[in-house]
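Engineer:
Numbering (our numbering), first residue to last: 2 to 1108.
1. Is the beta carbon of residue 1122 sitting closer than 8 Å to the one on residue 211?
2. Can you have a look at residue 313 and say buried or exposed, based on whether 16 or more other CB atoms are within 10 angstroms of its CB?
3. Mark residue 1030 as exposed unless 16 or more other C-beta atoms lie within 10 angstroms of its C-beta, in which case mark it buried.
4. Reducing DSSP to helix, strand and coil, say where residue 389 ends up.
5. Does the Cβ of residue 559 have 16 or more other Cβ atoms within 10 Å, making it buried, or fewer, making it exposed?
6. Thinking just about the alpha-carbon of each residue, which of 1034, 651 and 804 is nearest to the one in residue 1082?
7. Closest to residue 1084 by CA distance: which of 1060, 988, 1008 and 965 is it?
8. Under 7 Å Cβ to Cβ from residue 769, same chain only, skipping five residues before and after it: list those, please.
9. In chain order, what residues of the same chain have a beta carbon less than 7 Å from the beta carbon of residue 751, not counting five sequence neighbours either side?
10. Could you give the uninterrupted runs of the alpha helix (DSSP H) lying entirely in the segment 1054-1098, keeping only those of 4 residues or more?
11. Quick one: grab the DSSP three-state call for residue 579.
12. Assuming residue 357 is part of the beta strand (DSSP E), what are its boundary residues?
13. How would you label residue 435, buried or exposed, when you count the other beta carbons within 10 angstroms and need 16 or more for buried?
14. If you draw a straight line from the alpha carbon of residue 480 to that of residue 941, how long is it in whole angstroms?
15. Tell me whether residue 1 is buried or exposed, calling it buried when 16 or more other Cβ atoms sit within 10 Å of its Cβ.
16. Rank 203, 716 and 812 by C-alpha distance to the C-alpha of residue 1088 and give the top, closest one.
17. Among residues of its own chain, excluding the 5 on either side of residue 528, which ones have a beta-carbon nearer than 6 Å to its beta-carbon?
18. Beta strand (DSSP E) containing residue 904: first to last residue?
19. Which ranges does the alpha helix (DSSP H) cover as unbroken runs of at least 4 residues, wholly within the segment 261-306, from first to last along the chain?
20. At what residues does the beta strand (DSSP E) containing residue 827 begin and finish?
21. Does residue 860 come out as helix, strand or coil in the three-state DSSP assignment?
22. Can you list, in chain order, the residues of its chain with a C-beta nearer than 7 Å to that of residue 563? Leave out the 5 residues immediately preceding and following it.
23. Among 858, 1054 and 1077, whose alpha-carbon lies nearest the alpha-carbon of residue 262?
24. Going straight from the alpha carbon of residue 384 to that of residue 365, what length do you get?
25. Shortest alpha-carbon distance to residue 687 belongs to which of 653, 632, 1016 and 721?
26. Which class does residue 518 belong to by DSSP, given the choice of helix, strand or coil?
27. Can you tell me the Cα-Cα spacing of residue 961 and residue 948, whole angstroms?
28. Mind reading off the beta-carbon distance from residue 358 to residue 380? Whole number of angstroms is fine, and I expect it under 8 Å.
29. Report the option in 272, 75, 275 and 205 whose CA atom is closest to the CA atom of residue 242.
30. Is the segment 820-828 touching the segment 998-1012, taking contact as three or more C-beta pairs under 8 Å?
31. Between the alpha carbons of residue 427 and residue 393, how many angstroms are there, rounded?
32. Do the CB positions of residue 820 and residue 900 come within less than 8 Å of each other?
33. Would you mind working out which of 351, 463, 634 and 487 sits nearest residue 406, comparing C-alpha positions?
34. Cβ of residue 745 within 8 Å of Cβ of residue 708?
35. Rounded to whole angstroms, what is the Cα-Cα separation between residue 111 and residue 146?
36. Determine, using beta carbons only, whether residue 806 and residue 1038 come nearer to each other than 8 Å.
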């Protein structure tokens, strides 16, 4: 009885403790100010409780586990408080002197790090702090740990130090050495990574793994070093490599991303330009003599696409049978307009400022009804959609007229960037006529100092894309009319411009408020801890010249600084201007394996049973866990309008069966219909009544969710066909709209809460992730693509294949017909980088690939040729066209790899003269490499390829021309389908590798040409290009056409191609529209003239001479 009484007292005490703990947790969340008193009361009572009993109870899991966690947290707080009290008693100011270390400085791993780092106590201190989960951001703690490690190293016996890096004799010693080695490598790897980022390189997984293996310390024992190398390599598995790289990025504050190519000037120049601009801004503010404050304005032009770039949304994968593209003509995909947009630092004036859209009238019409547009938007139709100084003069006149009405009697200062059209002399005269003072933003710093660039255009274009996709989603066919497009643009301007307080944008770039509110990111960009002292008065002439671009030596910069407003000589005709302007880990995997084994066992039992009974189909013995008479199945059947196929899919999903075959689906549908007829009528009537038990509620919830997700998938495919990839908010709204009205009110409310994720975006993403996985969807953008009607595509493809077959049949040479394909592609001086590991901004290292503005825009044209014979491919010429600006006027072509030549001309663009020269060189090479064979050169229908002189030059060199159907180049040209993507990937890979090995991240012209030649040499001879010709149907009589191409054309198999040459109408289908005067049959019935000469080289150029 005494023991029982003692146990009862313990139980009562434990109950009291649990109550106190619960009250403590609630008070901790409600008011943290009273938390310390609660902690003190609880901690004084903790000594009375048996911790062993509490630990035993906590093993149950769930809530008791959280109780143990709270107890440990309270213990840590008590220890912290004791250290504080001890520090106060001893009079020490730093309580960290009493830090209790779990891993001591004398530990083998700590001493090993100290030894491997070359006795670097700071490195060993970081390792010791990481092991004890301490923060060494403050120098005092780091110094104390370093001193403790040095003292421990001196106190350890000499024999221990000598044998520290010997081969381990026990597993614990091996683990310590492994931990020390991995820490040393990751520390050095982080330093190497920052150096690569400064060069402009974001190393990929393979580069990081190779560097980690290279950095593995040689002083480690052989077996530990081998373990480390296996760890870096992930035992040969990419997944294991990504695992440790994910942890490495998390621990060092890194991220996955691309290093952007950016025009970067020296820091001293940036600082000098910024100070000059700020001094000019302050001077303009000081010179303002109006009654009200100075009205600051900023106008800039930006390009607006007819088809905005889509956000990432949910799109069907290709194998589902639905192709998600935003269908448009080629002209629509390239269409751009110019928006002249103005913001100011006064919200009362902002709604009156003019916003002008420049268009050439091709898409929006010659006469747009501007009076109905929102956002104070006007449309100006002119010859070109580009802005010029004449357009800007007109705009300044309209702006002056609006300002005179909206802000009379005030001074106006208009911030402009240093674009050439903005610096025209007539702009200054026009601004003075309208009493607007011009202030120019420092050249090269527009991206940081112009408010429109820093704050306006990104959010405006996001809003345009959002409204565009919403309007496209609501339309029937996904098409947007010109009036709707203008309405979208006006609504975007109306919702963005008046709603934002743009004075903050001017203040954060230092254009107002005397640089008191300059943002920290801008100061970090300029390398300043705080705003420097800006001297009063106007900027000097040298400072003003720093603001304007180089090469403007004749510009009178002081006339802009010392602005002299001319006396008014008359009224400017504003009315006329206005009239013009009015226009969980491993356990989870074990459970998954167990379930997979159970499924295999059930499958095997069904097979054995089928063999015993002699049945051929084991599906007759399907064992259903969820029966057709279940409430959820019948509810789905009822909610779907008694659609047995829909209910069969639900039943199959519940039983984890595959209903891809019709027989199993039909049998399940029949079983559901039979069950529905056999169930009592009262059960059917009360099926969708308000649930009386939790199980009934769960069944109705599952049925409703399945119905909604099925309809949501159908709606999603319809949106994808329109060219829309709905985002999370659209999907959630549509799911709420599709919730069945026949469900009970409480179940419908539960479903809506489920779709909305209880107001949390994370919960919404969770069910959307499951929805995408179950229905074979993916996250991605719907690309805007020139799409023609399917009948036109089929007609063009058949005509091209018929022409190809006819050319093969006409070949009369001893060897097979040599098929060639030449195409031009643009090669960037700075290739687009792959995703790699880059330091975040807050680490103090900025990862950008520094280049001049001209280098970021530098492009060359590569004329590349492939053929269907691997023995001839190495001899084919590959030509790079350049204007000599970056690679020099005279490139040494004889030393380049990959049979690459460099042609320097006035422009890097290809024209018919360049193509004639290339065909002559190609004919000369073919005569040496494939003598006596017939040649057919596939070309696309670019305008320069259809020039009459190209046909004559090809006949002189005995090369027959075959043109790929216009509009189908992306799927029928071998160079586009197979060559250019892998070539550019190889160029980018070699470029980043060379950049990584360089000292300063710079690539010389000779190195750039070497990279291009090496890429051509490694790609062109290594690939069997005959497969590329066969998969597009240009050879082998269309026997090897790939399935994706047939799917593109809507054919289950290759159609019958009639023999003989294509007719004139079929040939005209191949060539572009508008070429009615082109003699298409002269290309089809190729007549080779009699040879009247031979090809020879003259001054390094192949020419044909007469006998």
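Every residue gets a Cβ at the ideal spot worked out from N, C-alpha and C, and that includes glycine.
Structural biologist: This is what the structure holds:
1. Lying before the first or after the last residue shown, residue 1122 is absent from the chain, which here runs from 2 to 1108.
2. Exposed is the call here.
3. Under this definition residue 1030 is a buried residue.
4. In this structure, residue 389 counts as coil in the three-state DSSP scheme.
5. By the 10 Å Cβ count, residue 559 comes out exposed.
6. Nearest option by C-alpha distance: 804.
7. In terms of CA proximity to residue 1084, 965 leads the group 1060, 988, 1008 and 965.
8. Within the same chain, 729 and 732 come within 7 Å of residue 769 by CB-CB distance, once the 5 residues on both sides are set aside.
9. Non-local C-beta neighbours of residue 751 in its own chain, meaning closer than 7 Å and more than five positions away in sequence, comprise 702, ordered along the chain.
10. Annotation: the segment 1054-1098 contains the following complete segments of the alpha helix (DSSP H) (minimum length 4 residues), in chain order: 1065-1071 and 1081-1085.
11. Unreliable placement is indicated for residue 579, whose pLDDT of 41 sits below 50; no coordinate value is reported for it.
12. It spans 356-360 - the beta strand (DSSP E) in which residue 357 sits, taken as one unbroken run.
13. Burial call: buried.
14. Each residue's CA atom was taken as its position, placing residue 480 and residue 941 some 29 Å apart.
15. The shown model of the chain, from 2 to 1108, leaves out residue 1, and the question about it has no answer.
16. Looking at 203, 716 and 812, the one whose alpha-carbon comes closest to that of residue 1088 is 812.
17. The answer, listed in chain order, is 268.
18. From DSSP, the beta strand (DSSP E) with residue 904 extends over 901-905.
19. With a minimum length of 4 residues, the continuous alpha helix (DSSP H) runs that stay inside the segment 261-306 are 268-288.
20. For residue 827, the uninterrupted beta strand (DSSP E) run begins and ends at 819-829, by DSSP.
21. The DSSP-derived three-state label of residue 860 is strand.
22. So the qualifying residues of the chain are 539.
23. Check the Cα spacing between residue 262 and each of 858, 1054 and 1077: the tightest is with 858.
24. C-alpha of residue 384 to C-alpha of residue 365: approximately 13 Å in a straight line.
25. Check the Cα spacing between residue 687 and each of 653, 632, 1016 and 721: the tightest is with 632.
26. In the structure shown, residue 518 falls within a coil segment according to DSSP collapsed to helix, strand and coil.
27. Approximately 15 Å between the Cα atoms of the pair.
28. At roughly 5 Å, the Cβ-Cβ gap stays under 8 Å, so residue 358 and residue 380 are in contact.
29. Among 272, 75, 275 and 205, the Cα nearest to that of residue 242 belongs to 205.
30. In short, these stretches do not touch, since the Cβ pair count stays below three.
31. Take the alpha-carbon of residue 427 and the one of residue 393: they are about 10 Å apart.
32. No.
33. Closest by alpha carbon: 351.
34. Cβ atoms of residue 745 and residue 708: not closer than 8 Å.
35. So the two alpha carbons sit approximately 11 Å from each other.
36. A contact, by the Cβ cut-off of 8 Å.
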